[in-house]
Amino acid sequence: MAVRPLRALATAGHDIALCVTRPDRRRGRGGAVTPSPVKAAALELGIAVSHSMNDVLEYGVELAVVVAYGRIIPAALLERVPMVNLHFSLLPRWRGAAPVEWAILAGDEETGVCLMKVEEGLDTGPVYARCVVPLSSDIDLASLRDRLVRDGSALLVESLAGGVAGLPAPVPQEGVPTTAPKLTPQDFALHWEQGAVELHRVVRLGRAWTTFRGRRLGILQATPAEAGAGSGSGAGAGAGDVAGAAALPPGMLVGTAVITGHGVLELEEVQPESRAAMAADDWARGVRVSVGERLGSD
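Note that our numbering has the sequence shown beginning at 586, numbered continuously upward.
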């Protein structure tokens, strides 16, 4: 999420002295050492790279721009170097590590980007500028991130067009704060006693999973529906064709439709454990679901 803002600042003609990012990591079966995406972009642009925030002091910078850094910045450093943070929410809503995910999970109707002053507290600083982004009920995490990064990059360049001295006076945050802690793998587990709309929000994050016959089953795409809504499926009953869904146990499979605590969730794309992603119709035909079998009941 930091690559596009970095490129936007460079394109706008700013003198970028240093890029600070996490150390390289070993990835893949071969264990090759891979730089972070923003490091790769910085090197391509001819920008010096460091893995220590304290190195900022050696470059005499006027301003540090923080984007998805993910680490606590020492108070002593903040006292010496002014910093702004591109935060992907409408503060004070969703302070923390996963603001985009929590906006989706909460069913927010809008989100956005704030350019804020970095303070010692967690995303508590006053806001220089912000933009609002509508949040549709079907947008997935990757698409929403892309939109926020695009709009946030434009907001950053516009706000810094006059240099550090041209930044507007920051405005204190107003409203009830909410926190957005980092999500764990268990947060992506689907609990079928919840409603179809709530479960669909988890699916939209891209890492939703459940179990079937004792093995993990990723749920990559799905659509929520009320029973009787009229949708259909080639593998059997569709979400709109499940008669008496309210009387059936949550997690029960009827074709590619899953009974939930409220409504049904029509599976569209799944990924069985140790296999490639596939259409839910093909998966359902292959496993030959027995009457009464349920997801997540192992």
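For each residue, glycine too, the CB sits at the ideal point set by N, CA and C.
Assigned secondary structure, residue i (DSSP; H/G/I helix, E/B strand, else coil)
i	result
serine 722	coil
threonine 596	helix
tryptophan 868	helix
isoleucine 844	strand
glutamine 771	helix
histidine 785	helix
glycine 823	Because the pLDDT at glycine 823 is just 48, under 50, the model does not fix this residue reliably, and the point stays unresolved.
proline 622	helix
methionine 638	helix
leucine 675	coil
valine 605	strand
leucine 852	strand
valine 588	helix
alanine 831	helix
valine 876	coil
alanine 862	coil
arginine 730	helix
arginine 610	strand
alanine 660	helix
Residues bridged to residue i [DSSP beta-bridge criterion]
i	result
arginine 715	Cys699
arginine 792	Beta-bridge pairing links arginine 792 to no other residue.
threonine 764	Arg680
proline 857	Leu802
methionine 668	Ala649
valine 839	Ala842
alanine 756	Rather than alanine, the amino acid found at residue 756 in this sequence is valine. In the DSSP output, where bridge partners are listed per residue, valine 756 has Val712.
alanine 807	Leu852
glycine 780	His847
Alpha-carbon spacing of residue i relative to residue j, whole angstroms
i	j	result
leucine 707	arginine 680	7 angstroms
alanine 862	proline 659	43 angstroms
threonine 696	valine 872	40 angstroms
glycine 823	threonine 841	Below a pLDDT of 50, predicted positions are generally treated as unreliable, and glycine 823, at 48, falls in that range; no measurement from the model is reported.
glutamine 779	leucine 603	47 angstroms
valine 876	leucine 833	12 angstroms
proline 583	glycine 615	Only positions 586 to 883 of the chain appear in the structure, and residue 583 is not among them; the question remains open.
alanine 661	glycine 655	18 angstroms
leucine 671	alanine 625	20 angstroms
leucine 726	alanine 774	16 angstroms
arginine 732	threonine 808	22 angstroms
proline 757	isoleucine 632	33 angstroms
valine 742	arginine 730	18 angstroms
valine 651	threonine 763	21 angstroms
isoleucine 724	arginine 798	30 angstroms
methionine 837	methionine 668	52 angstroms
lysine 702	proline 684	17 angstroms
valine 734	arginine 589	7 angstroms
methionine 586	valine 623	8 angstroms
Buried versus exposed, by CB contacts within 10 Å (16 or more), residue i
i	result
threonine 619	exposed
alanine 869	buried
isoleucine 657	exposed
arginine 767	Checking the displayed sequence, the identity of residue 767 turns out to be lysine instead of arginine. It is exposed - the Cβ of lysine 767 has fewer than 16 other Cβ atoms within 10 Å.
alanine 593	buried
serine 674	buried
threonine 606	buried
proline 770	exposed
histidine 636	exposed
glycine 747	exposed
alanine 831	exposed
glutamate 686	buried
arginine 879	buried
valine 761	exposed
alanine 597	exposed
Residue-chain proximity (residue i, chain D), Cβ-Cβ < 7 angstroms
i	result
glutamine 779	Absent here is chain D; the protein component of the structure consists of one chain.
Would you call the region 732-752 and the region 695-713 in contact, with 3 or more CB pairs under 8 angstroms? With the cut-off at 8 angstroms, the region 732-752 and the region 695-713 touch.
Any contact of the region 770-788 with the region 683-692, i.e. 3+ C-beta pairs under 8 angstroms? yes
Touching by the beta-carbon criterion (3+ pairs, under 8 angstroms), the region 788-803 and the region 845-856: Contact holds: three or more Cβ-Cβ distances are below 8 angstroms.
Are there three or more Cβ pairs, one per stretch, closer than 8 angstroms when the region 598-613 is compared with the region 641-655? yes
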